[in-house]
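The block underneath contains the structure these notes are about, expressed in C-alpha cells.
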Amino acid sequence: MITVVIASRLREDRLDYLTAMHSSLTRQSVPWEAVIALDGASPDRLPAPLAQDARVRTLSLPRPVGAACARNLALNHVRTPYTNWADDDDEFTDDAMALRLNTLESTGVGWCAGWSEDQHPDGSTILWRCPTPPGRHEAGDVWTYWKSPADTIPIGPTTILARTDLVRAAPMGGLVQGEDYCAALGVTALAPGILLPVPVYRYRKWNGQMTAQVGYDQLEVAAREHAWAYGRSLRSVLHGEDLLGSANS
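Read in order, the letters of the sequence shown correspond to residues 264 to 512 in my numbering.
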C-alpha cells in the first residue's frame, strides 16, 4: 500500500542510522515497500538487513545528483497507491503507517500527516507540533499557516503520507536544500488532507544532519523565500486569485 522513498549516499557515518530507519519500517503493521535512491553510491555498501529484505529496492544512480533529483527519479519506481518521503538518518514511530493509512482509506482525503519528534543522541525526544493545527484542511490551506518565509514551516514534509498521484504532481522542488518544503506545500495545495495530533516521525538531531553542515545557512533564506512564494502562487492559481492584480491595486 505504501512506498517509502529515501535518498542516500551511503556515507559511513549514516549506515547505522539507515539500518535503524529500516528497523522502524519492519515494525509497521501495514504492507510497505521502500525505494532507496543511491545518490552515486555503490549498492555493495547497502547494510545487510536492507539488502536481504525483498521489500527494499534500490535505484543506483551513476553519479551524485543531489537529494531532490535522486528522490524524484526514485518516484519512477513507486508502484503503490501511497508514498512517503523519508531521510536516511531518521525513523518512523511504530504506528505511523497504520494511523495515517487508515485515515486516508476511511475519509478519502489526499494526504494525512502527523507531528514529529526531535530525537537527540541520548535517546530523548522532544515533540514538535507544527503550526498547522490538527484536523481537516482544504486544498491550499496549509500554506496559510506559514505567515512569512522566516517563520517555522507549516508542516513536516516527511510526516505526510499522500496519494502517489499527488506526490508525482508535486515532487521535490529544484533546490539544493528546502526541496522538501516545496513538496509539502505542493501536495497539500492539490488536495484536502488531515493532520493527526500524534507523532509519526522522528528527526535525528546529530552533527551529521544536513541542517548542521557548514554553509547550510548561506542558502536557507533564499530556499525558504522560493518555497514560500511557490506555495503562495500555487494556492492563488488553484483558487482563481490574481496575485499580480492585488499587488498592483
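C-beta atoms are modelled at their ideal positions from N, C-alpha and C, and glycine is treated no differently.
Asked: Indicate whether residue 466 and residue 381 have their beta-carbon atoms separated by less than 8 Å.; Found: yes
Asked: Look up residue 456 in the DSSP assignment and give the residues it is bridged to.; Found: 374 and 400
Asked: If the criterion is Cβ atoms closer than 8 Å, does the pair residue 264 and residue 345 meet it?; Found: yes
Asked: When DSSP labels each residue in this structure, what does residue 498 get in the three-state scheme?; Found: helix
Asked: Rank 278, 330 and 490 by C-alpha distance to the C-alpha of residue 268 and give the top, closest one.; Found: 330
Asked: I'd like the list of long-range same chain contacts for residue 393, defined as Cβ closer than 7 Å, with 5 residues on each side in sequence excluded.; Found: 378, 417, 418 and 419
Asked: Go to residue 350, then tell me how far its beta strand (DSSP E) extends in each direction, as first and last residue.; Found: 345 to 350
Asked: Could you name the residues of the same chain whose beta carbon sits closer than 7 Å to that of residue 390, not counting the 5 residues immediately before and after it, in chain order?; Found: 378, 380 and 462
Asked: For the alpha helix (DSSP H) containing residue 431, name the first residue and the last one.; Found: 427 to 432
Asked: I'd like the span of the alpha helix (DSSP H) that includes residue 321, first residue to last.; Found: No alpha helix (DSSP H) holds residue 321; the beta strand (DSSP E) holding it covers 319 to 323.
Asked: Between the beta-carbon of residue 363 and the beta-carbon of residue 448, is there less than 8 Å?; Found: no
Asked: Tell me, please, which residues DSSP counts as bridged to residue 382.; Found: 388 and 467
Asked: Give the DSSP bridge partners of residue 423, in chain order.; Found: None; residue 423 has no bridge partner.
Asked: Give me the Cα-Cα distance between residue 270 and residue 503, rounded to the nearest whole angstrom.; Found: 36 Å
Asked: Count the other CB atoms, across all protein chains shown, that sit within 10 Å of the CB of residue 440; report buried if there are 16 or more and exposed otherwise.; Found: buried
Asked: For residue 293, does the three-state DSSP call read helix, strand or coil?; Found: coil
Asked: Sort 498, 293, 495 and 353 by Cα distance to residue 384 and report the nearest one.; Found: 353
Asked: Buried or exposed for residue 298, please, with buried defined as at least 16 other CB atoms from any protein chain shown within 10 angstroms of its CB.; Found: buried
Asked: Would you check if the distance between the CB atom of residue 374 and the CB atom of residue 338 is smaller than 8 Å?; Found: no
Asked: Less than 8 Å between the beta carbons of residue 498 and residue 406, yes or no?; Found: yes
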